[in-house]
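Please read the structure below before turning to the comments.
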Amino acid sequence: MKKLIIFTSIIIVLFGALAFVTTYSNSEKVKGNPYGKDTLNQATTDQLDDPNYQNQILPEELKASLEAGETQTVYFYSPTCPACQASTPVVVPLAEELGIDLKKFNLLEFQAGWNEYGIDVTPTIIHFVDGKEVKRIDSYQEEETFRTWFSELEVEK
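Residue numbers for the sequence shown, in my numbering: 3 to 159.
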């Protein structure tokens, strides 16, 4: 019986240590994140170092930019969305190739964006001119469709 208690105690201590190490590791990853939040969804944490998910825009930054009448092209996505995971490696390099400053808006972290920008499905890319939406494309598309869409934008470079 004593062996069972000792064995169980060791297992509990190991699980506790594993939980502590995992929590500590995630909190270290989250420090200085571009979202300005103390905690992030694990799917977001997993993308922090991915070059395709840089150039994030926060809700207050986007709102201020649009209120100032600026032109923006914003990629609304969720890290848990399979269509986003398939689209991002196509869309981000394409936007860079075409000289488009594509901002990323993480709807998993900032869920108010769904209603605020009328997002029905992810991914959605919206082009704003003078602070107003002028064009949008959503869902997974082939590269050529995205290329045509981006080419039609009147972007201030």
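Don't be surprised by glycine CBs; every beta carbon is placed ideally from N, CA and C.
- Task: Count the other C-beta atoms from every protein chain shown that fall within 10 angstroms of the C-beta of Gly38, then say buried if there are 16 or more, exposed otherwise.
- Result: For the purposes of this step, residue 38 is taken as the residue at position 36 of the sequence shown. Exposed, because fewer than 16 other Cβ atoms sit within 10 Å of the Cβ of Gly38.
- Should Pro81 go down as buried or exposed, given a rule of 16 or more other Cβ atoms within 10 Å for buried? Position 79 of the sequence shown, counting from 1, holds the residue named residue 81. So Pro81 counts as buried.
- On the premise that Lys137 lies in contact with Leu109, defined as a C-beta separation below 8 Å, what is that separation, rounded to the nearest angstrom? In the sequence shown, the residue the question calls residue 109 occupies position 107. In the sequence shown, the residue the question calls residue 137 occupies position 135. Taking the Cβ atoms as the reference, Leu109 lies roughly 19 Å from Lys137, outside the contact range of under 8 Å.
- Rounded to whole angstroms, how far is the Cβ of Val92 from the Cβ of Glu145, which I believe are closer than 8 Å? The count along the sequence shown starts at 1 and reaches residue 92 at position 90. The count along the sequence shown starts at 1 and reaches residue 145 at position 143. Taking the Cβ atoms as the reference, Val92 lies roughly 5 Å from Glu145, within the contact range of under 8 Å.
- Span separating the alpha-carbon of Ile7 from that of Ile13: Working through the sequence shown from its first residue, we reach residue 7 at position 5. Working through the sequence shown from its first residue, we reach residue 13 at position 11. Within the model, the alpha-carbon separation for Ile7 versus Ile13 is close to 10 Å.
- Query: Relative to the alpha-carbon of Ala97, which residue among Asp122, Tyr77 and Gln44 has its alpha-carbon at the smallest distance?
  - Reply: For this step, residue 97 is matched to residue 95 along the sequence shown. Selected option, being the one with the closest Cα: Tyr77.
- Can you tell me which of Gln49, Phe107, Pro84 and Cys86 puts its alpha carbon nearest to the alpha carbon of Glu63? Within the sequence shown, residue 63 is the residue found at index 61, counting from 1. Across the set Gln49, Phe107, Pro84 and Cys86, the C-alpha of Phe107 shows the shortest separation from the C-alpha of Glu63.
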